[in-house]
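Going by full-length UniProt numbering, the letters in the sequence shown line up with residues 1 to 188, in that order.
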Amino acid sequence: IAGLKLLLGVTGVIPGTREDCLNALKNGYLVSISPGGVREALFSDESYQLMWGNRKGFAQVALEAKVPIIPMYTQNVREGYRMLKERRFFRKLYESTRLPFTPPYGGLPVKFRTYIGKPIPYDPNITAEELVEKVSYLSLHNRTQVCKGKFLFSFQTKTAVQALIHKHQTIPGNIWKALLERFDKRRK
């Protein structure tokens, strides 16, 4: 599309290659990554379950660049843009071709709010797998105590994003409620 490359460059959109992300991070820029990628965008639903699979490239990049991960979540994103309910055919097509044929509908004027979580600091002693998943050892009797020799919480990426969703999103999502939130004067 004519002019698209220029528009993307002016707005700071870069290809999502590992090298491009590393260069941007090492030069002090912030990089926004959706670990679920196209699959999550096309096939997740109003239940807001993360669809990251075994993806850990974003964690490997953060570790290599020695930067923290800042979890974030946009409320009502599934209500603003929806995909057709019957998606099995499109899912099979996507999984075999990696081409996003699912027709979306939306652009609805729902209220979007983006929430930024607490940064997960760079830790040279952690693996990418541990950074993706929350490592938690909870006492079965008292969830507020630290078990001896183990960490109660290691705030990691997937759990941090799920916590933001749980705190800020009505589940299941509802288009009408999200539309009405646009006119709610109590929350800014």
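Built from N, CA and C at the ideal position, the CB exists for glycine as well.
Query, Result
"Within 9 angstroms, strictly: CB atoms of Ile70 and Ile116", "yes"
"Within 9 angstroms, strictly: CB atoms of Arg113 and Thr74", "yes"
"Inter-stretch contact (C-beta, 8 angstroms, three-pair minimum) for the region 24-32 and the region 95-106", "no"
"Unbroken stretches of the beta strand (DSSP E), 3 residues or longer, contained in the region 79-145", "81-83, 104-106 and 113-116"
"Whole-angstrom distance between Ala41 and Lys118, CA atom to CA atom", "24 angstroms"
"Neighbourhood of Lys85 by C-beta distance below 7 angstroms, restricted to the same chain and skipping five residues each side", "none"
"Three-pair Cβ contact test at 8 angstroms for the region 86-96 versus the region 52-65", "no"
"CB-CB length for Leu179 against Leu108, believed under 8 angstroms", "7 angstroms"
"Candidates Cys21, Lys158, Glu46 and Ser96: closest to Gly53 by CA position", "Lys158"
"Cβ distance (whole Å) where Tyr48 is taken to contact Ile165 below 8 angstroms", "5 angstroms"
"Gln60 - DSSP class collapsed to helix/strand/coil", "helix"
"Which of helix, strand or coil DSSP assigns to Lys185", "coil"
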